[in-house]
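Contents: one structure, followed by commentary.
Numbering (the working numbering), first residue to last: 2 to 239.
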């Protein structure tokens, strides 16, 4: 571990624009980010907005931002963490929630770990863990599957695989969808999965429209809902 070199700090941000800022971000995190001037971010505009909310006096114009998103080449990542070898600390900021969890920031963390730099995760909201906490499902054995395949056949096979894991191992299955397809996904789950399987839909966590509901698939099939364009987590259990 290069203790005499810079530290890579993982800075969680609020999950929702409507969430109370001080309820999601600790005072300790604000103290850390005030010292930073170099940031690896998923989106520069939202990162700058986050820093201004954290500290209206933050010297944005004295700071440097490099973008690490889904389009970034892995070959470009080592150069992004080069300031660590020069003794400079770096902050990683995602679009929402915890960096490096279902997030491109994981590539920066992996590069820092390979080179022996110190990596410090700071406390903040994780939509995956908060959804699991509120679902009533197994919190000792769970898996995050990310986005389901887009192609219909592969998508249904993945759902069947998750159903098998739930039935055989009691393992909670967690996944996400592009927000504008949330309603279609629920309808598909109701067509493909057994009506007795439990589905938790956790939407706009910490936000003004927060809704975390667990019910059998058969009840979702006749329920009224509208989750389109709202960040949502889906969980399955038996």
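Glycine residues also receive a C-beta, built at the ideal position from the N, C-alpha and C atoms. Keep in mind the model is a prediction, meaning the values are calculated, not measured.
The beta carbon of residue 19 is closer than 6 Å to those of 208 and 209 in its chain, skipping five residues each way along the sequence.
In the DSSP assignment, residue 11 falls within the beta strand (DSSP E) that extends over 8-12.
Straight-line spacing of the CA atoms in residue 95 and residue 101 works out to 8 Å. Ranking 181, 180, 164 and 183 by CA distance to the CA of residue 174 puts 164 first. Counting only runs of 3 or more residues that sit fully inside the region 27-94, the beta strand (DSSP E) segments are 39-42, 65-68 and 91-94, in chain order. It is roughly 10 Å from the alpha-carbon of residue 9 to the alpha-carbon of residue 39. In the displayed model, residue 103 falls within coil according to three-state DSSP, outside both helix and strand. Residue state for residue 216 is assigned as strand, using DSSP reduced to three classes. A residue is called buried once 16 or more other Cβ atoms fall within 10 Å of its Cβ, and residue 228 is buried on that count.
Within the same chain, Cβ atoms closer than 8 Å to the Cβ of residue 85 are found at 3, 6, 7, 8, 9, 91, 113, 116 and 118, the five residues on either side in sequence being excluded.
By the neighbour-count criterion, in which 16 or more other beta carbons inside 10 Å mark a residue as buried, residue 74 falls on the exposed side. C-alpha of residue 124 to C-alpha of residue 222: approximately 37 Å in a straight line.
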